[in-house]
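Notes follow once the structure below has been shown.
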Amino acid sequence: MGWQSRTRTLQVFDTELSADTVEWCPLPQFSHVLACGTYQLQKGDEKQTAENCPAPNRIGRLYLFECNPQTSFIPPLTETQRRDTPAILDLKWCHVPISERPVLGMATASGEIQLYKLMGSQQGTCGLEHELSTGLGPDRLALSLDWSTGRGESSDVRVVSSDSSGSLTALSLGEASLNAVCQWKAHDFEAWIAAFSYWDTQIVYSGGDDCKLKGWDLRMGPSSPTFTSKRHTMGVCSIHSNPHREHILATGSYDENVLLWDGRNMKQPLSETAVGGGVWRLKWHPSEEHLLLAACMHNDFHILHCQKAMEGQDAPCPVLASYILHNSLAYGADWSRLPLSNSTPPSPQEPPQISVGLTESGGHLRIQYESPTASFDTSLEDDSGRYIPDQCSLPEKSSVPDPVTSPARDSQSLSCLMASCSFYDHMMHVWRWDWSPEDKQKPSEPVPSS
């Protein structure tokens with residue numbers, strides 16, 4: 001039995017500033033809440049010399065939405081709050097309530113980890129209130145954060161963060177404080193990503209612009225890593241521990257590859273999948289252990305099926321679906337836990353419901369890509385004037401004909417709500433993905449004889 005994969009855009013939202021991170025609240029009673037963070041570099045006057053040019057000003061904005069995906073002919077998102085902040089590099093919700101409230105963590109260009117609690121209002125909508133802030137040190141940007149609560153463990157809640165100085169910081173959350181437990185130099189250049197092992201939260205993984213993936217055991221102290229891998233050939237910018245399968249780890253890099261690892265043997269990955277764009281974010285599905293969402297910068301968003309790789313078969317992970325409707329760098333993406341009906345969506349030809357006007361263009365604009373720390377600046381045109389993503393082929397989509405390998409083993413179909421955002425066009429999209437058994441093929445018509 002074959003399987004049919006469909007994506008459908010539900011809504012497009014203009015964030016005005018460059019959008020780089022989106023996160024659905026993981027708590028069941030608040031799974032309709034979505035946060036989006038933005039990052040904008042305000043450059044000074046080009047006539048200023050390097051000597052008198054001030055440090056670049058990085059501004060951001062935090063958006064909060066509530067979602068009702070079951071409404072018909074109405075965009076599902078309602079904006080409930082926006083607040084200006086320092087530029088936001090990463091957002092992560094704590095997987096468990098803190099003092100009975102959802103808490104959102106934010107990594108900022110001001111070098112802080114900021115925590116916000118989600119509160120209800122008299123009008124019945126939700127809003128974020130600032131709770132705590134902790135600085136990571138002078139002259140650095142907080143680039144990422146992760147909570148130790150990925151498997152729903154509520155004891156000893158901690159945060160790990162990475163920053164532009166190449167350092168990692170482990171923080172402990174108290175009743176009214178967020179305190180640094182230890183901080184250490186982990187990478188030679190920017191430490192793009194830090195993440196917990198959700199199965200042993202004394203283990204931390206990190207990736208940096210020095211092309212290295214490292215592991216750390218907080219019980220042993222951060223004097224030296226437990227391993228250092230140079231398997232990626234460019235900067236390592238995404239790491240996510242699988243919350244459903246112990247020892248399974250996914251990593252992504254500017255080298256355009258997603259690697260799957262068994263944490264017990266970090267000498268060689270379980271699989272390597274070329275996705276045609278730098279892998280800025282990876283997210284395991286909230287309940288389906290084999291599904292991995294990848295935000296691939298220059299080459300859109302892809303859903304990978306990782307079962308065979310996780311079972312030890314050395315082969316790339318097939319791509320079940322791709323979402324290609326963003327027109328700029330694919331940075332942020334996340335799965336929602338909101339339930340969706342499994343009814344078949346309208347045909348792919350049906351126009352999406354759009355909440356802002358979009359200007360059609362006959363081609364791509366020339367744009368520049370710069371790292372969040374402005375440490376390098378790369379044109380997205382080649383010498384012939386062609387837009388680089390146009391040359392990046394999509395990963396080969398592979399059917400998964402065996403129903404045993406379907407993501408929803410106990411059901412006939414799977415429907416997921418997703419959010420994604422892209423940078424220079426400052427857009428956030430909400431879309432759904434449906435995976436269902438294919439209809440029986442119609443008999444083919446006879447070919448006329450010549």
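When you line the sequence shown up against the UniProt record's numbering, it's residues 1 to 450, in that order.
Ideal placement from N, C-alpha and C gives every residue a C-beta, glycine not left out.
Bear in mind that the values here come from a model prediction, so they are computed numbers and not experimental data.
Requested in this report: Answer with buried or exposed for D139, where buried requires no fewer than 16 other C-beta atoms within 10 angstroms of its C-beta.
Outcome: exposed
Query - Residues bridged to Y63 [DSSP beta-bridge criterion] - result: C36, R82
Query raised in the report: Would you call M297 buried or exposed, if buried means 16 or more other Cβ atoms sit within 10 Å of its Cβ?
Result: buried
Query raised in the report: What are the boundary residues of the beta strand (DSSP E) that includes A419?
Result: 414-422
Query raised in the report: If you check the beta carbons only, do T149 and H95 fall under 8 Å apart?
Result: yes
Query raised in the report: What residue range is occupied by the uninterrupted beta strand (DSSP E) comprising M297?
Result: Where M297 is concerned, there is no enclosing beta strand (DSSP E), given that its DSSP letter is neither H nor E.
Requested in this report: Spell out the partners DSSP gives V236 in its beta bridges.
Outcome: S253
Query raised in the report: So the alpha helix (DSSP H) M220 belongs to, where does it begin and stop?
Result: First-last for M220: undefined, no H or E at that position.
Requested in this report: Taking 8 Å as the threshold, find out whether the stretch 229-236 comes into contact with the stretch 282-291 through three or more Cβ pairs.
Outcome: no
Report task. Tell me whether the beta-carbon of L91 lies closer than 8 Å to the beta-carbon of T134. Result -> no
Query raised in the report: By the 10 Å Cβ neighbour count, where 16 or more other Cβ atoms means buried, how is C182 classified, buried or exposed?
Result: exposed
Report task. Please name the residue, chosen from A195, P222, T201, H247, that lies closest to A186 on a Cα-to-Cα basis. Result -> P222
Query raised in the report: For the beta strand (DSSP E) that contains A194, what are its first and last residues?
Result: 193-196
Requested in this report: Can you tell me which of A321, T38, E100 puts its alpha carbon nearest to the alpha carbon of K117?
Outcome: E100
Query raised in the report: Run through DSSP, which three-state label would Q114 get?
Result: strand
Query raised in the report: For P389, which of helix, strand or coil comes out of DSSP?
Result: At P389 the pLDDT is 40, less than 50, meaning the model places this residue with poor confidence; the figure from the coordinates comes in the next sentence. Note: P389 maps to helix in three-state DSSP.
Report task. Count the other CB atoms, across all protein chains shown, that sit within 10 Å of the CB of S399; report buried if there are 16 or more and exposed otherwise. Result -> Unreliable placement is indicated for S399, whose pLDDT of 48 sits below 50; the coordinate value is still reported in the next sentence. S399 should be labelled exposed.
Report task. Would you mind stating whether L145 and G105 have Cβ atoms separated by less than 8 Å? Result -> yes
Report task. Evaluate the contact criterion for the stretch 122-131 versus the stretch 195-207: three or more CB pairs, one atom per stretch, below 8 Å. Result -> no
Query raised in the report: For P437, which residues does DSSP report across the bridge?
Result: W3
**Report entry** Cβ distance (whole Å) where H429 is taken to contact D14 below 8 Å
**Finding:** With a Cβ gap of about 11 Å, H429 and D14 do not count as contacting.
Query - Close beta carbons around V33, own chain, < 8 Å, minus the five adjacent residues each side - result: W24, C25, L64, F65, E66, C67, P102, L118, C126
Requested in this report: Pull up the distance between the alpha-carbon of L213 and that of I74, whole angstroms please.
Outcome: 44 Å
Query raised in the report: Looking only at its own chain, which residues have a Cβ that is under 7 Å from the Cβ of L27, when we skip the five neighbours before and after it?
Result: P97, P102
Query - Of the listed residues L17, R82, E112, P69, nearest to A180 (C-alpha basis) - result: E112
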